[in-house]
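Below you'll find the structure, written out as structure tokens, and then a few comments.
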């Protein structure tokens, strides 16, 4: 595992590569899509699950973007597992009635997993 100094918070662009920023952008995109779905479903069971997912993606992106002093390897692994879980849940809950928005979101999430795997390999 690579070492890095604690930075005291704030956006630390120097410690983030273009791959990091791609992951942040993808996490923000899928997070915002999930929050959009909350506006469609309200506080139903689906709406609450979309809110949790959206907050999870945005929270992970914020932790990385703000360079919070946490080990990054577990963050990447948790992000990849979280995202994979979202894909599996989407497939199970929507089998037979997939939407265009769902396909777009899953494409973003597959790309996010790819970025996280690259980060795990590079910083491992």
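Numbering (the UniProt record's numbering), first residue to last: 1 to 124.
Note that the Cβ used here is the ideal one computed from N, Cα and C, for glycine as well.
Computed from a predicted structure; not experimentally measured.
DSSP places residue 74 in the uninterrupted alpha helix (DSSP H) bounded by 72-94.
Taking one beta carbon from each stretch, the region 83-97 and the region 110-123 have 3 or more pairs nearer than 8 Å; the two touch. Exclusion of the five residues before and after residue 118 leaves 19 as the residues of its chain whose Cβ lies within less than 8 Å of its Cβ. Annotation for residue 69: no alpha helix (DSSP H) segment contains it, and DSSP assigns it neither H nor E. 24 is the residue among 24, 50, 124 whose C-alpha sits nearest the C-alpha of residue 62. Within the region 6-63, the complete alpha helix (DSSP H) segments of 4 residues or longer fall at 18-41, listed in chain order.
If you draw a straight line from the Cα of residue 59 to the Cα of residue 30, it is about 12 Å long. The residue among 53, 100, 104, 45 with its C-alpha nearest the C-alpha of residue 79 is 53.
Counting only residues of its own chain and dropping the five nearest sequence neighbours on each side, residue 106 has a CB closer than 8 Å to the CB of 87, 90. A direct Cα-Cα distance of roughly 17 Å separates residue 100 from residue 41. As the crow flies, the alpha-carbon of residue 66 is around 31 Å from that of residue 45. Straight across, the Cα-Cα distance linking residue 15 with residue 33 is about 27 Å. Here residue 57 is buried. Its C-beta has 16 or more other C-beta atoms within 10 Å.
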